[in-house]
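Residues 2 to 491 (the numbering used here) are what the sequence shown spells out, left to right. Note that beta-carbon positions come from the ideal geometry of N, C-alpha and C, so glycine has one too. For clarity, every value in this text was computed on a predicted model and none was experimentally measured. Some notes on the structure that comes next.
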Amino acid sequence: MLPERFVQRVLRDLGASEGRALCEALDTPSPVAVRLHPDKTGLSVRTDATVGTETPVAAGIPTPDAFCGAVATLPDLTFDRSVPWSPWGWYLAQRPSFTLDTDFHAGAYYVQEPSSQFVGHLLQNVPTAGARILDLCAAPGGKTTLYASLVGADGLVVANEIDRRRAAVLADNVRKWGMGNTIVTVGEPRPLGDCKAFFDVVAVDAPCSGEGMFRKDIDSRAEWSENNVHQCARRQDEILREAWRALRVGGTLIYSTCTFNREEDEGSLERMLAWAGDEVVSSNEVAIGEDWGIVCGEVGPFRTYRFYPHRACGEGFFAAVARKAERMDNASRSRLPKSQSKLRRSVVAPVDRAAGVEAARWVTEPDRMEFVSIADTVYGWYGAQAEAVRMLSERLPVIYSGVAMGQLFKGRLKPDPALAFFTGLNRAALPVAELDAEQALRYLRRQDVAADAFAEGMNLVCARGRALGFAKRIGIRVNNLYPNSLRILN
Ligand code: SAM
């Protein structure tokens, strides 16, 4: 049953017929959709855009042929049609057992409900390649991984999550997506607000009362209350203040919730406009298909987009976008300012020359990367991340950055499981063991696998050409190095 007060409000706000249609839609099955990993499915679209160019760059829309080629490489999924507002999104005809699909474990796609994929569309006219994006409320990482694909290796995504346990899941998803351009931080938004004007895009996917989840997650109905709506609205106000501080002039703010009520949606924007005033200006219009079922609106300079499940094929969702006004005197990004509070001790150390040479062997673009050591693990960072990781780690806990490459033993790298997922892994660095579906599932369960596909020593384990992890053959035995924390449980 839907909460009674919710139903009353919806009937009052939307009118009887529209309100009833919404309530009925919340009792129908949710569509299932995935977002393909462009670099792992051959959909990769590179643009030459650099941040700061005047010309808006259209998001790289793959051609229909590229789409068909990509989905053909994912035979365990039954594709229905593409998600119209997402260049990498596909509806599935039915929900498969993702657990039994090796491509799921390889990070070839992310299971993401379709409405949420719309945030990428909002950046259609923004030069994202090479941009710095802050995803302030990021776990479990659906939107973070989307932003990571948009900004590419020259860009940077800082994904923050306040809840430690959820942040660990976020870091797992970032590792599996494997772009090597994402930093995961844990904490309140304030230290990120203190990175004044550092980011080109700040996304607030706000904690909310979750009315849009009433269909997908039946338990969320029991957790809903009017009091919680007020509490969420207050929290959203605080988060938006920090988000605004973190955004550079000319930068783009995306605000989203998965709830329908005005107080947390338009209301949050109105309250923000009361203090931010004319610093907020409209962003360029984005194209919206008439048959997408999205209800478009405006709150001052904010353009707003609402997804009702009886109109659009996705869960309930609200998104808004605006820009921070350009000022003639200062239209650029800042460097990260010195922290006012006591700095955290940096745990980052440089690696010695020999270690750098060994690490470089494992990646396709070593000249673009810097290798450092954190605790006893070697990490690889692209140039765009190095400064940011150092400065952020002085302000709040950084639990993952770039790509974890592994540990050095007697000058040789024992690869970290994350390195297998990394899109910049140099496959020539070690033999590749290509497994069939049955052996691959045994590997993912951490069971014994037949040795014949493996060369002596360390191997990259693949299924359908996509990397799953590492294993070491010693004589007739194969040491399965798939992490216990990721293994498929029977
Ligand atoms: N963006 C995520 C995605 O696409 O996968 C979903 C984010 S979820 C809607 C909101 C997140 O905000 C939750 O993970 C929640 O723990 C976090 N959160 C809660 N309170 C917060 C706060 N005060 N500041 C920042 N994040 C908060």
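Whole-number beta carbon distance between residue j and residue i, since they are thought to touch under 8 angstroms
i	j	result
Arg396	Asp195	7 angstroms
Ser284	Ala323	6 angstroms
Thr145	Val175	6 angstroms
Ala94	Asp81	4 angstroms
Leu123	Ile255	6 angstroms
Ala355	Gly412	6 angstroms
Arg478	Ala452	7 angstroms
Val450	Asn481	6 angstroms
Residue i CB to nearest heavy atom of the ligand SAM below 7 angstroms
i	result
Leu469	no
Cys138	yes
Ile134	no
Glu189	yes
Pro115	no
Gly143	yes
Arg82	no
Cys196	no
Lys206	Note that residue 206 corresponds to Asp in the displayed sequence, not to Lys. Under cutoff, so the answer is yes.
Arg167	yes
Asp164	yes
Ile240	yes
Cys24	no
Arg307	no
Arg236	yes
Cys314	no
Cys259	yes
Three-state secondary structure assigned by DSSP to residue i
i	result
Ala313	coil
Trp382	strand
Val52	In this prediction, Val52 has a pLDDT of 40, which is less than 50 and means its spatial position is unreliable; what the coordinates show is noted afterwards. Coil, per DSSP.
Tyr110	strand
Leu157	strand
Gln448	coil
Ala361	helix
Gly20	helix
Cys209	coil
Ile219	coil
Arg334	coil
Arg6	helix
Ser498	Only positions 2 to 491 of the chain appear in this structure, which leaves residue 498 out of reach.
Asn480	strand
Trp245	helix
Val58	Legend: pLDDT at Val58 = 37, less than 50; position of this residue unreliable, no value from coordinates given.
Met180	coil
Glu457	coil
Ala531	Here the chain covers residues 2 to 491 and nothing more, so residue 531 does not appear.
Cys233	helix
C-beta atoms of residue i and residue j nearer than 8 angstroms
i	j	result
Ala139	Ala160	yes
Gln386	Leu135	no
Arg369	Ala204	no
Trp91	Ala34	yes
Ala326	Asp266	no
Ala468	Phe455	no
Ala168	Ile400	yes
Gly381	Gly357	no
Leu37	Ala109	yes
Leu137	Pro190	yes
Arg334	Arg249	yes
Phe261	Gly213	yes
Pro32	Gly315	yes
Gln113	Val287	no
Checklist entry - Is the stretch 284-300 close to the stretch 219-230, with three or more CB pairs under 8 angstroms? => result no
Item to check | Stretch pair the stretch 409-426 + the stretch 438-453: three plus CB contacts closer than 8 angstroms | outcome: no
Item to check | Contact the stretch 237-251 vs the stretch 170-185: 3+ CB pairs below 8 angstroms | outcome: no
Checklist entry - On the three-pair Cβ rule with 8 angstroms, is the stretch 197-211 touching the stretch 427-444? => result no
Checklist entry - Is there contact here, the stretch 302-319 with the stretch 359-367, by at least three beta-carbon pairs under 8 angstroms? => result no
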